[in-house]
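Trainee: Quick one: structure below, then a few questions.
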Amino acid sequence: MKTAIKHFGIFVQQQALSCLFPVLVFAMLALSHLFTGILPRYDFMLIACLLIQAALYYTGIETKDEVLVICIFHLLGLVMELFKVHYGSWAYPEFAYLKIGGVPLYSGFMYASVASYMCQAWRRLNLQIQSWPNRYIARTIGILIYFNFFSNHFMPDIRYGIGVLILYFFRRSVVVFHLQGKACRIPTIISFMLIGFFIWLAENIATRLGAWRYAYQHHAWTVVNYQKISSWAFLVIVSFIIVAELKLLKDSTKPLPVLSA
Numbered sequence: 604m605k606t607a608i609k610h611f612g613i614f615v616q617q618q619a620l621s622c623l624f625p626v627l628v629f630a631m632l633a634l635s636h637l638f639t640g641i642l643p644r645y646d647f648m649l650i651a652c653l654l655i656q657a658a659l660y661y662t663g664i665e666t667k668d669e670v671l672v673i674c675i676f677h678l679l680g681l682v683m684e685l686f687k688v689h690y691g692s693w694a695y696p697e698f699a700y701l702k703i704g705g706v707p708l709y710s711g712f713m714y715a716s717v718a719s720y721m722c723q724a725w726r727r728l729n730l731q732i733q734s735w736p737n738r739y740i741a742r743t744i745g746i747l748i749y750f751n752f753f754s755n756h757f758m759p760d761i762r763y764g765i766g767v768l769i770l771y772f773f774r775r776s777v778v779v780f781h782l783q784g785k786a787c788r789i790p791t792i793i794s795f796m797l798i799g800f801f802i803w804l805a806e807n808i809a810t811r812l813g814a815w816r817y818a819y820q821h822h823a824w825t826v827v828n829y830q831k832i833s834s835w836a837f838l839v840i841v842s843f844i845i846v847a848e849l850k851l852l853k854d855s856t857k858p859l860p861v862l863s864a
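If you read the sequence shown in our numbering, its first letter stands for residue 604, the second for the next number, and so on.
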């Protein structure tokens, strides 16, 4: 029992350290109300996010490769934001100088913070994957997920079909993480859903702080639609695939960090 409690404490500690970027971003969201008379909140958030990113890099908390991944996610997230805001999925109602198409530039860091967590957790917990699907299948599923985020505005939503593909191809996949040399396992699908759930909780905090608003939150704040949990889980899958592929790209001489079943 003592060993289990100790390992749980280590796991929580490593998770907390992995969440440093998103926690700091949320802290800045909470503090941004204090600076509204000096600088628009969204512009303050952009400056704060850039400073946080620089500080994490120069203190060695994040590596050069991790910053690259974060930049990629910032770009992918910003593209999605421009599209979603254009179609009215959500809005950024406050004024800002640094806005494009109604989207403040800091918004990409909300996606980048997810990437930061993924990279940090991967390194700190020495993640490995057991029974990962064929790389081309995984890539195809990732592309379908990202495509559906856009296409569901003018085509049938295929999220349930994608969900079936995920359940089938990832059914045997397991994430292996290490705590003081002890290997622990969790089904990959469950890890996707758990991370998606916690991001959904964070999203509720973010919308409550005015980071953005969904159409049904304009008059009064309300809990974010529960369906968003699956949307965030899908984004986690895309994030996981991209991080894994970039780790492969860095050193193509090494095999995919996959354990035999």
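Note that CB positions come from ideal geometry on N, CA and C, so glycine has one too.
With 16 as the cutoff for other CB atoms within 10 Å, does residue 646 come out buried or exposed?
Mentor: Looking at its Cβ environment, which holds 16 or more other Cβ atoms inside 10 Å, residue 646 is buried.
Trainee: Should residue 739 be labelled buried (16 or more other beta-carbon atoms within 10 Å of its own) or exposed?
Mentor: Its Cβ having fewer than 16 others within 10 Å, residue 739 is exposed.
Trainee: Can you tell me which of the three DSSP states residue 735 falls into?
Mentor: coil
Trainee: What does the alpha-carbon distance come out to for the pair residue 546 and residue 785?
Mentor: Missing from the structure shown is residue 546; the chain here goes from 604 to 864 and no further.
Trainee: How many Å lie between residue 612 and residue 733 at the Cα?
Mentor: 25 Å
Trainee: Quick one: what's got a C-beta closer than 7 Å to residue 849's C-beta in the same chain, skipping five residues either side?
Mentor: 672
Trainee: Who are the near neighbours of residue 608 in its chain, counting only those whose CB is closer than 8 Å to its CB and skipping five residues on each side?
Mentor: none
Trainee: Return the chain-ordered list of same chain residues with a C-beta closer than 7 Å to the C-beta of residue 728, the five sequence neighbours on each side being excluded.
Mentor: 617, 780, 781
Trainee: Residues in the same chain with beta-carbon distance under 7 Å from residue 816, minus the five sequence neighbours each way, listed in chain order, please.
Mentor: Same-chain partners within the cutoff: 693, 694, 696, 810.
Trainee: From residue 675 to residue 840, what distance separates their C-alpha atoms?
Mentor: Between the alpha carbons of residue 675 and residue 840 lies a gap of roughly 15 Å.
Trainee: State the CB to CB distance for the pair residue 628 and residue 655, rounded to an integer number of angstroms; the pair is presumed to be in contact (CB under 8 Å).
Mentor: 7 Å
Trainee: Just list the residues that DSSP pairs residue 787 with in beta bridges.
Mentor: Looking at the DSSP output, residue 787 sits in a beta bridge with 780.
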